[in-house]
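If you're matching positions, the sequence shown starts at 0 in numbering that gives the first Met the number 0 and goes up one per residue.
Input: a single structure, listed below in structure tokens.
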Amino acid sequence: MKIKELSIDRYEEVLELFKRTPGVSVRDADSMDAASRYLARNPGLSFIAEYEGVIMGCAMCGHDGRRGYLQHVVVDPPFRGRGIAHALVTRCLDRLEEVGIVKTHIDVFVTNDLANEYWTKNGWMKRDDIYRYSFLRSSNPNA
Ligand SMILES: CC(C)(COP(=O)(O)OP(=O)(O)OC[C@H]1O[C@@H](n2cnc3c(N)ncnc32)[C@H](O)[C@@H]1OP(=O)(O)O)[C@@H](O)C(=O)NCCC(=O)NCCS
């Protein structure tokens, strides 16, 4: 298994993985154009786990200069429980630390029990002191 930087030419495959994974919401913000912009703004921070050309998992990561943000940490079901998510997330956090960022957030749907258990088990602090507010400047609810 190799951990490699996610490049835009592998994004189509990654998007297919997101689409078939319950608990992962795929929106217009996950389009090829948006991903291209995201990767260009956050170079060297998103990774795939690959074995013999097959993408087994992915973690996308960025920062705003102050805090890190993880999104779409996904491992294909047949490859779960082998430390792949741990390896991907560690790589993201290592890279963030290299640029001076030591605190990272991830949004998880309240209903995504599997993911909520995962982050709690792995030492991520569930925040009860923050609400996330979102403002949509589009008539498209899937923006
Ligand atoms: C959550 C997910 C990424 C975990 O991937 P994974 O590769 O199976 O996780 P790992 O094998 O790296 O697990 C690392 C550790 O977490 C534990 N773990 C794995 N899945 C867990 C779960 N659902 N609940 C609690 N602990 C879990 C493992 O036992 C391991 O612990 P250990 O080091 O003590 O053995 C994967 O289940 C997934 O893709 N889920 C669906 C997508 C999703 O909801 N992603 C999150 C969106 S925010």
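Where a beta carbon is used, it is the ideal one built from N, C-alpha and C, also for glycine.
8 angstroms CB neighbourhood of residue i in its chain, flanking five on each side removed
i	result
Lys125	Asn115, Trp118 and Thr119
Which residues DSSP lists as bridging residue i, in chain order
i	result
His85	Its beta-bridge partners do not exist; DSSP assigns none.
Val72	Paired residue(s): none; Val72 is not in a bridge.
Met59	Gln70
Tyr50	Val53
Thr103	Gly67
Beta-carbon proximity list for residue i, same chain, < 6 angstroms, skipping 5 on both sides
i	result
Thr20	Val73
Cys57	Val13, Ile47 and Val73
Lys102	Arg66
Ser137	none
Asn111	Gly22
Continuous alpha helix (DSSP H) stretch holding residue i: start and end
i	result
Met0	Note, Met0: premise wrong, no alpha helix (DSSP H); not H, not E.
7 angstroms Cβ shell around residue i - same chain, five flanking residues per side excluded
i	result
Asp17	Reading off the sequence shown, one finds Phe at residue 17, where the question assumed Asp. Taken in chain order, the residues that qualify are Val23, Val25, Asp29, His71 and Val73.
Original post:
Would you call the region 33–46 and the region 5–17 in contact, with 3 or more CB pairs under 8 angstroms?
Top reply: Contact between the region 33–46 and the region 5–17 is present, because at least three Cβ pairs lie under 8 angstroms.
Original post:
Does the count of Cβ pairs from the region 63–81 and the region 95–110 closer than 8 angstroms reach three?
Top reply: As far as the Cβ criterion goes, the region 63–81 touches the region 95–110, which means the pair count is three or higher.
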